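Enquirer: Residue numbering for the sequence shown follows the working numbering, starting at 107 and increasing by one per position.
The beta-carbon is built from N, C-alpha and C at its ideal position, and this holds for glycine as well.
Fair warning: this is a prediction, and the values are worked out from it, not measured in the lab.
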Amino acid sequence: MWMNISYWLKDKREDEPGKSPHTPLKLEIYDAQGQLVRTLSSIVKPNRYPPDDADDPKAPAKPELTPDAGINRVQWDRRYDGARRLPTAKLDSGDPDEGPAALPGPYTLKLTVDGRSYTTTGTLLPDPRSPVTPGQLQQNVAFTLQARAALDRLTADIEDVRAIRAQARDLKERTAGNAAAQALQATADALIKRCDALESRMHNPEAEVIYDVLAGRQGGAKLYSQIAPLFSDMQSSDYEPSQGQLDQMQENLAELAQIEEQLHNLRTQELAQLEAQVQALGLPRVIVPGRN
Numbered sequence: 107m108w109m110n111i112s113y114w115l116k117d118k119r120e121d122e123p124g125k126s127p128h129t130p131l132k133l134e135i136y137d138a139q140g141q142l143v144r145t146l147s148s149i150v151k152p153n154r155y156p157p158d159d160a161d162d163p164k165a166p167a168k169p170e171l172t173p174d175a176g177i178n179r180v181q182w183d184r185r186y187d188g189a190r191r192l193p194t195a196k197l198d199s200g201d202p203d204e205g206p207a208a209l210p211g212p213y214t215l216k217l218t219v220d221g222r223s224y225t226t227t228g229t230l231l232p233d234p235r236s237p238v239t240p241g242q243l244q245q246n247v248a249f250t251l252q253a254r255a256a257l258d259r260l261t262a263d264i265e266d267v268r269a270i271r272a273q274a275r276d277l278k279e280r281t282a283g284n285a286a287a288q289a290l291q292a293t294a295d296a297l298i299k300r301c302d303a304l305e306s307r308m309h310n311p312e313a314e315v316i317y318d319v320l321a322g323r324q325g326g327a328k329l330y331s332q333i334a335p336l337f338s339d340m341q342s343s344d345y346e347p348s349q350g351q352l353d354q355m356q357e358n359l360a361e362l363a364q365i366e367e368q369l370h371n372l373r374t375q376e377l378a379q380l381e382a383q384v385q386a387l388g389l390p391r392v393i394v395p396g397r398n
């Protein structure tokens, strides 16, 4: 089931030499509570893996919105945006890129063209063939969105750990010939090892193909590969989550909380110590990317 959406453009949006480029087209879809469900764009969203990937080769992606003059059409597949992407991560199960199907009901469509927005509404009708109740369907979507939120948190944590480790390595390399920086280098070494250990709890960073996860290398499927199947498997049914799925989610969330506590300790201990040493030597600080 889809929602067919049409929009009209006066002119074909092609960038011309010597003129400011067009801003991308953007179509945002909001539910009745004003929560953003999906964003479609004229910018191509690259596939997760390259075309020659051993596990999941795909043809090059195409833009969701077309910029042609006149009538343009797009089909919204009723799905939410997927989870925040963790580049190159290998999974033995689950597809974090594909969000759950939205609930039946009214939706607001907001098309933005060159800074001007145009809104209309559309309605998703329930599937008359589905035997589930509205309450069961709501539980299904709520559980899936909870799993997506956990994947988003986990991805942000992994990005933080990678940024800290990369800058610690850079500081270590830049101070390699500085006798006064021996203590800093020892702290950087300890910080890099803590980052490696922490990242290896969150996902399988050494996995190059799916079999590396399936084979149980480096301890088998880590937290990212445990939550992703919960996120995807829930979408194969309209029913509410089973008790087993609820228990697994709570177990995964508890582990995520433990990891985030360790990440907090890493920031306040090894990273704080490294930054103090950096300041004493007059070197640039370690910068962790901000979150939206």
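Assuming M340 contacts T250 (C-beta within less than 8 angstroms), just tell me the rounded distance between them.
Expert: Stepping through the sequence shown from its first residue, residue 340 is reached at position 234. Stepping through the sequence shown from its first residue, residue 250 is reached at position 144. That pair is a contact at about 5 angstroms.
Enquirer: Under 6 angstroms Cβ to Cβ from K164, same chain only, skipping five residues before and after it: list those, please.
Expert: Working through the sequence shown from its first residue, we reach residue 164 at position 58. Once the five neighbours on either side are set aside, the close Cβ partners of K164 are N153.
Enquirer: Please list the terminal residues of the continuous alpha helix (DSSP H) segment that includes D263.
Expert: Position 157 of the sequence shown holds residue 263. From DSSP, the alpha helix (DSSP H) with D263 extends over 240 to 280.
Enquirer: I think Q375 touches L290, with their Cβ atoms under 8 angstroms apart; what is that distance to the nearest whole Å?
Expert: Here residue 375 is taken as the residue at index 269 of the sequence shown, counted from 1. Here residue 290 is taken as the residue at index 184 of the sequence shown, counted from 1. That pair is no contact at about 15 angstroms.
Enquirer: Return the CA-CA distance between P157 and E314, expressed in angstroms with no decimal places.
Expert: Within the sequence shown, the letter at position 51 stands for residue 157. Within the sequence shown, the letter at position 208 stands for residue 314. About 15 angstroms.
Enquirer: Could you tell me whether the Cβ atoms of V150 and K132 are closer together than 8 angstroms?
Expert: As a working mapping, residue 150 is identified with position 44 in the sequence shown. As a working mapping, residue 132 is identified with position 26 in the sequence shown. Cβ atoms of V150 and K132: not closer than 8 angstroms.
Enquirer: Helix, strand or coil for V315 per DSSP?
Expert: Translated into the one-based positions of the sequence shown, residue 315 becomes position 209. V315 falls in the coil class under three-state DSSP.
Enquirer: Of all the options G124, M107, Q181, which has the alpha carbon lying nearest to the alpha carbon of P210?
Expert: As a working mapping, residue 210 is identified with position 104 in the sequence shown. Per the Cα distances, M107.
Enquirer: Taking 8 angstroms as the cut-off, decide whether the C-beta atoms of A255 and L277 are in contact.
Expert: Here residue 255 refers to the residue found at position 149 when the sequence shown is read from its first residue. Here residue 277 refers to the residue found at position 171 when the sequence shown is read from its first residue. No, these two residues do not count as a Cβ contact at 8 angstroms.
Enquirer: Taking the C-alpha atoms as reference points, what is the distance between Q385 and Q356?
Expert: Translated into the one-based positions of the sequence shown, residue 385 becomes position 279. Translated into the one-based positions of the sequence shown, residue 356 becomes position 250. Looking at the two C-alpha atoms, the distance is approximately 41 angstroms.
Enquirer: Any heavy atom of the ligand NAP closer than 7 angstroms to the Cβ of A256?
Expert: Questions concerning the ligand NAP fall outside what the structure shown contains, since it holds no ligand whatsoever.
Enquirer: Is the distance from the Cβ of R119 to the Cβ of P173 below 8 angstroms?
Expert: Mapped onto the sequence shown, residue 119 falls at position 13. Mapped onto the sequence shown, residue 173 falls at position 67. Yes, Cβ-Cβ distance for R119 and P173 is below 8 angstroms.
Enquirer: Around the Cβ of H309, are there at least 16 other Cβ atoms within 10 angstroms (buried) or fewer (exposed)?
Expert: Sequence index remark: in the sequence shown, residue 309 carries index 203 (1-based). Burial call: buried.
Enquirer: May I have the straight-line CA-CA distance separating R185 from A378, to the nearest angstrom?
Expert: Reading the sequence shown from its first residue, position 79 is the one you call residue 185. Reading the sequence shown from its first residue, position 272 is the one you call residue 378. The alpha-carbon atoms of R185 and A378 are separated by roughly 42 angstroms.
Enquirer: Rounding to the nearest angstrom, what Cα-Cα distance links A282 and K299 in this structure?
Expert: Indexing the sequence shown from 1 puts residue 282 at position 176. Indexing the sequence shown from 1 puts residue 299 at position 193. If I take the Cα positions, the gap works out to 18 angstroms.
Enquirer: Among the candidates W114, P193, P202, N371, whose CA atom is the shortest distance from the CA of N178?
Expert: Position 72 of the sequence shown, counted from the first residue, corresponds to residue 178. With distances taken between Cα atoms, N178 lies closest to W114.
Enquirer: Count the other CB atoms, across all protein chains shown, that sit within 10 Å of the CB of L146; report buried if there are 16 or more and exposed otherwise.
Expert: Working through the sequence shown from its first residue, we reach residue 146 at position 40. Per the 10 Å Cβ criterion, buried.
Enquirer: Compare the C-alpha of T261 against each of Y213, A287, K328, A248 and name the closest.
Expert: The residue given as residue 261 occupies position 155 in the sequence shown. The shortest Cα separation from T261 among Y213, A287, K328, A248 belongs to K328.
Enquirer: Could you tell me if D117 is buried or exposed, where buried requires 16 or more neighbouring beta carbons within 10 angstroms of its beta carbon?
Expert: Translated into positions along the sequence shown, residue 117 becomes position 11. Looking at its Cβ environment, which holds fewer than 16 other Cβ atoms inside 10 Å, D117 is exposed.
Enquirer: In the DSSP assignment, what residue or residues form a beta bridge with G228?
Expert: Your numbering for residue 228 matches position 122 in the sequence shown. For G228, which the question treats as bridged, DSSP gives the partners Y213.
Enquirer: Go through its chain and collect everything with a Cβ distance to E204's Cβ below 8 angstroms, but skip five positions before and after it.
Expert: In the sequence shown, residue 204 corresponds to position 98, counting from 1. Within the same chain, E204 has close Cβ partners R185, G188, S338, Q341.
Enquirer: With L329 as the anchor, note down where its alpha helix (DSSP H) starts and where it stops.
Expert: As a working mapping, residue 329 is identified with position 223 in the sequence shown. L329 -> alpha helix (DSSP H) spans 329 to 339.
Enquirer: Can you give me the Cβ contacts of D302 inside the same chain, cut-off strictly under 6 angstroms, excluding the 5 residues immediately before and after it?
Expert: Residue numbering aside, residue 302 sits at position 196 when the sequence shown is read from its first letter. Excluding residues within five positions, none has a Cβ falling inside 6 angstroms.
Enquirer: V238 and D344 look like a contact to me (Cβ under 8 angstroms); what is the Cβ gap, rounded to whole Å?
Expert: Indexing the sequence shown from 1 puts residue 238 at position 132. Indexing the sequence shown from 1 puts residue 344 at position 238. About 4 angstroms; that satisfies the 8 angstroms criterion.
Enquirer: Quick one: complete beta strand (DSSP E) runs, 3+ long, within the stretch 138 to 222?
Expert: Listed in chain order, the complete beta strand (DSSP E) runs (minimum 3 residues) inside the stretch 138 to 222 are 142 to 147, 176 to 182, 185 to 187, 204 to 207, 211 to 219.
Enquirer: How many Å lie between N371 and P335 at the Cα?
Expert: Translated into the one-based positions of the sequence shown, residue 371 becomes position 265. Translated into the one-based positions of the sequence shown, residue 335 becomes position 229. When rounded, the distance between both Cα atoms is 29 angstroms.
Enquirer: Flag this pair as yes or no: are the beta carbons of L304 and L369 separated by less than 8 angstroms?
Expert: Taking the sequence shown and counting its residues from 1, the one referred to as residue 304 is at position 198. Taking the sequence shown and counting its residues from 1, the one referred to as residue 369 is at position 263. Cβ distance < 8 angstroms, so L304 and L369 count as in contact.
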